[in-house]
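Here the structure comes first, spelled out in structure tokens, and everything after it is commentary.
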Amino acid sequence: MRWLLLKDLRILRRSPLLAALLVIYPIAIALLIGFAVSRGPDRPRVAILNELPASARTLSLGGEDVDVARYTRRLFEAVDPVTVRTRAEALDKVRSGDVLAALIVPPDVTRKLETGLEPATVQVLYNAEDPVKARYVQDTIKAQVQDASNALTRKLTQVALGYLKLISSGGRVSLLGRDVDVLGLERAERIVRAARRELPRASASRERLDRVERFAALARDNLSLSDDVLASVASPIRVDRKVIHGGATPLSSFAVPVALTFSLMFVTVLLAAGALALEREENAFPRLVRGLVPRSGLLAEKVGLAAICALVLALVMLAALSAFVDLGWGRFPLWIAAIALGALGFAAMGAAIGGLAREVRAASLLGVMLSLPVAFLALVPSGAVSGGAYDAIRVVSAAFPFRPTLSALDAALNRSGPIGPPLLHLAVLTLAFGAIARLSLVRFAR
Amino acid sequence: MEGEDRVLEAVGLVKRYGTREALSGVSLAASRGELVAVIGPNGAGKTTLLSILAGVQRPDAGSLSRPAGEVGWVPQQAALYGKLTVAENLRLFARLEKVADVEGAVERMLEQTGLADRRDDQVATLSGGNRQRVNIAVGLLAEPEVLLLDEPSAALDPRQRERLWRFILDRARAGTAVIYSTHDVAEAERYAHRLLVLADGELLFSGSPAELEAACGAGGLDFEGAFVEFLRRRGH
């Protein structure tokens, strides 16, 4: 079998275009996918018109200065800001396509925030000729406005709480440039209690002062709850996230196993399918299996060839990716296990395709046509489609090596979960596809 | 050329593809140095018969006196790797055949085929005739006593055909039993010691070319005409 393996490697070496395609194509696909998965579109260029006058960039609330500009700056962080001076200039830039959108902070934001009579409004003008980017800008600006709004709400809540504390406990506050001593409910209650004691027992005023004292105590008790109430008003709904199934792999880290799985898939499927189909295309298959090489041995050689090549390629890719992504080299044996089992699964699938197609071109075409939809199906998240459709997708994905390879690589690289089940799944798929490939060889010699 | 000289014997070979019977109880034998031509119209079962003798396919019934591994087989289309050189192809198959002296066998075949000067050329760059010579050389690497050739001269020009037959006749003179199938009736008459006529999987005749001519009794016809007349009379 080793002579066949050496022969195939020699043929591969003498087919530089094929070898280059087998290496470059999956790497290019992998990098594109990794790039797409690990980050969204580039930061869109957005025109920013800040109409807040310098004098209005600070909001004075209860003697405390709140820097409004600090909060509006948050709006600019997720975009590539292009500063403009007038609304007309902002509109021109949007219309000409120079920017995707314009964000206008009107001059009355501070006043509206101070009065609280109506909500402060920022205006967004956007270019919707590219729906994907337009949606991205809408989402980004909406999220940023929400963040800025929340931050400002928290600050205003703080100020309001200071007021309430002043009413409850009293203290000093600066008002119109003068230092004012506020009595507060607590001290008022003490004064009322002292005044009540000085009144004769039969005095009718005592009862009225009792009512004032009870009111002061009740008001103080309720105001002490205001911290929680205002916090709830500031964030009425909080999100408590719990992962029920799957790991908590960040998107950027998930891109590595996705890229690797795509590369493994293309290299092994195309190589195993092509190498097996080549034996028939060169008419060598009948000569080989008439006693020189057992059919199962020939299959094992093709699967081994594809798996070895894919393993080498995957390790090279990981070495290159480690320059950009932090990879835990301490888990290297698990990487090897995941890559090797994944490569064997894909190679067995490729051998089955090669056995069924019987010609190199047909095998390659069938390999690509089958692999791509299987891969994309495996990446469909739950909830993206109806329950029945997702169940069907899960069944289809489980019948091919892409999903278990991705799970095994994610577990090996990102500790997303146990690695045993996907490895076992891959071993079963390798045997199943190996059996299909072996059956397909029955009619191969005719 | 019978008895102790017999190197291959097949008895009652049957092969079915679904409901179609490609071979119906065909028996044959070949002796050392004998040239046996298998002729018949398209779909007669010639290739099926040779592929069963070569061990590429298994018969549904019948027996063979010699295991497939001891028979040299040369398929109709060159079964070679185009990206490998002539010498690399020979070396690879010599190793797979477990030939004791691989390099010796390769050199011998290069010399016998007259391709020593093309040894380092990739097979894909060779002419059809040279490719067929390498194809036959691969079948002879293990020095088999029986060589099976499936339409060896198909797609060769007359000059290449002449050189090929010189080579095959040399092998037969050296004692190798050669069984070949052909569409070219004249080629069968010219080189074969014995003819096997197959039609629709049935063996209609086994004997020398002269015996076939006599059997059809078609005076005035050339050999090809006699053969066609023979088939017509047998309902084919």
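Residue numbers (this note's numbering), protein chains in the order written: chain Z, 1 to 446; chain F, 1001 to 1236.
Every residue gets a Cβ at the ideal spot worked out from N, C-alpha and C, and that includes glycine.
Keep in mind the model is a prediction, meaning the values are calculated, not measured.
Per-residue DSSP class, three states only, for residue i
| i | result |
| --- | --- |
| F:Asp1101 | coil |
| F:Tyr1180 | strand |
| Z:Phe285 | helix |
| F:Ala1142 | coil |
| F:Ala1061 | strand |
| F:Arg1066 | coil |
| F:Gln1122 | strand |
| Z:Ala437 | helix |
| Z:Asp228 | helix |
| F:Ser1127 | coil |
| F:Arg1166 | helix |
| F:Asp1117 | helix |
| Z:Thr58 | strand |
| Z:Val23 | helix |
| Z:Asp147 | helix |
| Z:Val325 | coil |
| F:Ala1214 | helix |
Beta-bridge partners of residue i, as assigned by DSSP
| i | result |
| --- | --- |
| F:Ser1031 | F:Arg1006 |
| Z:Asn414 | In DSSP, Z:Asn414 forms no bridge with anything. |
| Z:Ala101 | Z:Val46 and Z:Tyr126 |
| Z:Gly162 | Beta-bridge pairing links Z:Gly162 to no other residue. |
| F:Thr1047 | BP columns for F:Thr1047 are empty, so no partner. |
| F:Lys1015 | F:Leu1023 |
| Z:Gly171 | Z:Val182 |
| Z:Val66 | Z:Leu59 |
Distance between residue j and residue i (C-alpha atoms, nearest Å)
| i | j | result |
| --- | --- | --- |
| Z:Leu441 | F:Glu1097 | 21 Å |
| F:Ala1105 | F:Thr1113 | 12 Å |
| F:Ala1226 | F:Ala1188 | 13 Å |
| F:Glu1034 | Z:Arg287 | 24 Å |
| Z:Leu103 | Z:Leu125 | 6 Å |
| F:Thr1047 | Z:Leu424 | 45 Å |
| Z:Met1 | Z:Val293 | 7 Å |
| F:Arg1016 | Z:Ser296 | 25 Å |
| Z:Val395 | Z:Val256 | 25 Å |
| F:Val1185 | F:Glu1224 | 6 Å |
| Z:Leu366 | Z:Val312 | 24 Å |
| Z:Arg10 | F:Arg1119 | 16 Å |
| Z:Ala362 | Z:Leu276 | 12 Å |
| F:Leu1080 | Z:Ser382 | 51 Å |
| Z:Asp179 | Z:Arg172 | 7 Å |
| Z:Val316 | Z:Leu22 | 14 Å |
| F:Ser1181 | F:Glu1162 | 17 Å |
| Z:Ala28 | Z:Ala323 | 17 Å |
| Z:Ala56 | Z:Glu198 | 52 Å |
| F:Glu1002 | F:His1183 | Residue confidence for F:Glu1002 is low, a pLDDT of 49 falling below 50, so the modelled location carries little weight; the figure read from the coordinates is stated next. Roughly 27 Å between the two C-alpha positions. |
| Z:Gly40 | Z:Ile24 | Bear in mind that a pLDDT of 49 at Z:Gly40, under 50, signals an unreliable position, so the number given afterwards is only what the model happens to contain. Taking the straight line from one Cα to the other gives about 24 Å. |
Residue range of the alpha helix (DSSP H) that includes residue i
| i | result |
| --- | --- |
| Z:Glu213 | Ala204 to Leu223 |
| Z:Arg2 | Arg2 to Arg13 |
| F:Trp1073 | Premise fails: F:Trp1073 lies in the beta strand (DSSP E), Val1071 to Val1074, not in any alpha helix (DSSP H). |
| Z:Tyr390 | Gly387 to Ala398 |
| Z:Arg197 | Leu185 to Glu198 |
| Z:Arg111 | Val109 to Thr115 |
| Z:Ala300 | Arg295 to Leu321 |
| F:Ala1094 | Val1086 to Leu1096 |
Selection from the options that minimises the alpha carbon distance to residue i
| i | options | result |
| --- | --- | --- |
| Z:Asp391 | Z:Pro401, Z:Ala378 and Z:Phe402 | Z:Ala378 |
| Z:Gly355 | Z:Leu18, Z:Ala437 and Z:Ala307 | Z:Ala437 |
| Z:Thr83 | Z:Ala194, Z:Ala160, Z:Arg45 and Z:Ala277 | Z:Arg45 |
| F:Glu1070 | F:Pro1144, F:Val1185 and F:Phe1167 | F:Pro1144 |
| F:Arg1232 | F:Ala1094, F:Leu1204, F:Leu1156 and F:Glu1021 | F:Leu1204 |
| F:Val1026 | F:Glu1211, F:Glu1202, F:Gly1055 and F:Ala1155 | F:Glu1202 |
| F:Gly1062 | F:Arg1171, F:Val1011, F:Leu1126 and F:Ser1153 | F:Val1011 |
| F:Ser1051 | F:Val1074, F:Arg1032 and F:Ile1168 | F:Val1074 |
| Z:Glu281 | F:Ala1124, F:Leu1147, F:Leu1092 and F:Ala1044 | F:Ala1124 |
| Z:Ala352 | Z:Pro53, Z:Val303, Z:Leu17 and Z:Asp92 | Z:Val303 |
| Z:Arg5 | F:Ala1142, F:Leu1092 and F:Gly1018 | What sits at residue 5 of chain Z in the sequence shown is Leu, not Arg. Z:Leu5 has its Cα closest to that of F:Leu1092, out of F:Ala1142, F:Leu1092 and F:Gly1018. |
| Z:Val368 | Z:Ser386, Z:Gly387, Z:Ala384 and Z:Phe346 | Z:Phe346 |
| Z:Leu18 | Z:Ser364, Z:Leu31 and Z:Met265 | Z:Ser364 |
Residue interval of the beta strand (DSSP E) (run including residue i)
| i | result |
| --- | --- |
| F:Asp1150 | Val1146 to Asp1150 |
| F:Tyr1191 | Here F:Tyr1191 belongs to no beta strand (DSSP E); instead the alpha helix (DSSP H) covers Val1185 to Tyr1191. |
| F:Gly1207 | Glu1202 to Gly1207 |
| F:Ala1199 | Arg1194 to Ala1199 |
| Z:Pro81 | Asp80 to Thr83 |
| Z:Val442 | That residue, Z:Val442, is in no beta strand (DSSP E); it is neither H nor E in DSSP. |
| Z:Asp181 | Arg178 to Val182 |
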